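In my numbering, the protein residues as written are 53 to 215. One structure is given below, encoded as structure tokens.
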Ligand code: MG
């Protein structure tokens with residue numbers, strides 16, 4: 053069984069991962085409405101990945117014979133100010149997620165919970181990848197701009213993402 057503190061922070065993280073999925077799905081739907089199907093599909097795959105992260109955390113708690121408490125997922129809100137702004141919002145959100153994953157590692161260290169510490173390592177690596185991936189998209193949107201031709205090409209390319 054994990055400690056009460058670890059249990060609390062892990063349940064909180066499950067909620068954050070599901071919320072991320074919710075947020076990215078709302079972005080995906082919006083871009084779909086605009087006809088940007090490739091961007092939309094990329095975001096939907098990202099949303100699915102976040103839900104998978106939530107499930108991974110949930111499974112871990114169960115494996116440690118600990119309690120899972122599912123909480124209300126808040127309504128995702130974002131202001132649409134162009135395609136780049138969507139990815140900037142996503143990037144900022146992922147940085148917050150990285151911060152909370154780091155807090156889990158910190159707490160696990162304090163609690164001398166080596167199992168949680170080694171489990172959460174995977175998430176830390178995953179966050180590095182995720183931040184980098186989104187940052188690359190923002191950089192390219194910056195350099196190529198949000199003109200129709202460049203959006204069209206990037207939309208096609210991002211639409212190729214399979215997982
Ligand atoms: Mg995640």
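Idealized CB from N, CA, C, for every residue including glycine. This structure is a prediction, so every number in the text was calculated from the model and none was measured.
By the three-class DSSP mapping on this structure, what secondary structure does residue i have?
i           : result
residue 53  : coil
residue 24  : Residue 24 cannot be examined here, being either before or after the span of the chain that is shown, 53 to 215.
residue 117 : coil
residue 207 : helix
residue 124 : coil
residue 133 : coil
residue 90  : helix
residue 73  : helix
residue 106 : helix
residue 83  : helix
residue 212 : coil
residue 165 : coil
residue 101 : helix
residue 198 : coil
Let me check understanding here. Comparing Cα to Cα, which of the options lies closest to residue i?
i           : options           : result
residue 96  : 114, 72, 113      : 72
residue 83  : 209, 101, 135     : 135
residue 175 : 154, 190, 117     : 154
residue 129 : 192, 81, 212      : 81
residue 78  : 67, 62, 126       : 126
residue 139 : 204, 75, 69       : 75
residue 112 : 159, 69, 167      : 167
residue 67  : 110, 85, 92       : 110
residue 133 : 86, 183, 103      : 86
residue 173 : 152, 210, 214     : 152
residue 64  : 122, 92, 102, 100 : 122
residue 114 : 149, 98, 62, 100  : 62
residue 213 : 100, 93, 149      : 93
Using the beta-carbon count (16 or more within 10 Å), is residue i buried or exposed?
i           : result
residue 196 : exposed
residue 105 : buried
residue 90  : buried
residue 124 : exposed
residue 188 : exposed
residue 159 : buried
residue 177 : exposed
Problem - Any 3 or more C-beta pairs closer than 8 angstroms across the segment 156-165 and the segment 53-61 - result: yes
Handout entry: Stretch pair the segment 58-77 + the segment 106-123: three plus CB contacts closer than 8 angstroms
Key = yes
Practice task
Report yes or no: do three or more beta-carbon pairs, one from the segment 136-144 and one from the segment 199-207, lie closer than 8 angstroms?
Solution key: no
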